[in-house]
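Student: Okay, here's the structure, questions in a sec.
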Amino acid sequence: SCFEGLREKARVAEILEMKELGVKGAFEKVPVKVKNDDGASAGIFSGQIFVITGSLSRPRDEIRDQLKSLGATVTDSVSKKTNYLVCGEDAGSKLEKAQKLGVKVLSETELKSLISKTN
Numbered sequence: 384s385c386f387e388g389l390r391e392k393a394r395v396a397e398i399l400e401m402k403e404l405g406v407k408g409a410f411e412k413v414p415v416k417v418k419n420d421d422g423a424s425a426g427i428f429s430g431q432i433f434v435i436t437g438s439l440s441r442p443r444d445e446i447r448d449q450l451k452s453l454g455a456t457v458t459d460s461v462s463k464k465t466n467y468l469v470c471g472e473d474a475g476s477k478l479e480k481a482q483k484l485g486v487k488v489l490s491e492t493e494l495k496s497l498i499s500k501t502n
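Those letters in the sequence shown? Residues 384 to 502, per the numbering used here, in order.
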């Protein structure tokens, strides 16, 4: 398709450079998906492991899909390999475990801010 060329690493670098220079696109909020050399999908959260817990303003599946589209792996349990815990109200044991393990805890607002900073 015509979008395949935009996913190449060289094109993504050019787009990011133009963005740094102040060029704005009509689809500014659409994440750029990059393919690794092995053909696997990559993104701003490539290699990062997220866990979602608690009551959030959006369905978890929606947040999970967004994170995956940005290259993240989303799991159901916190471990020492977890990079971020996205935490809503009434988080419970996952929050406690994340705090004990030193996992970065993000509110839904902090997650949105992190995504907007990296996009």
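Quick reminder that beta carbons are idealized off the backbone N, C-alpha and C, glycines included.
Grouping DSSP H, G and I as helix and E and B as strand, with all else coil, what is Lys487?
Tutor: In the three-state scheme derived from DSSP, where H, G and I count as helix and E and B as strand, Lys487 is classed as strand.
Student: Grab the span of the beta strand (DSSP E) containing Ile446 for me, first residue to last.
Tutor: Note, Ile446: premise wrong, no beta strand (DSSP E); alpha helix (DSSP H) at 443 to 452.
Student: Within 10 angstroms of its Cβ, does Thr492 collect 16 or more other Cβ (buried), or is it exposed?
Tutor: So Thr492 ends up on the exposed side.
Student: Could you compute how far the alpha carbon of Ile435 sits from the alpha carbon of Ala396?
Tutor: 30 Å
Student: For Val469, which three-state DSSP category applies?
Tutor: Three-state result, Val469: strand.
Student: What is the DSSP secondary structure of Ile435, reduced to helix, strand or coil?
Tutor: strand
Student: Using 8 Å as the threshold, is the stretch 479 to 487 in touch with the stretch 460 to 468, meaning 3 or more CB pairs across them?
Tutor: With the cut-off at 8 Å, the stretch 479 to 487 and the stretch 460 to 468 touch.
Student: Assign Ala455 to one of two classes, buried (16 or more other C-beta atoms within 10 Å of its C-beta) or exposed (fewer than that).
Tutor: buried
Student: With distance defined between alpha-carbon atoms, name the residue in Glu472, Ser476, Leu468 nearest to Ser438.
Tutor: Glu472
Student: In the DSSP assignment, find the unbroken beta strand (DSSP E) run with Val457 in it and report its ends.
Tutor: Start and end: 456 to 458.
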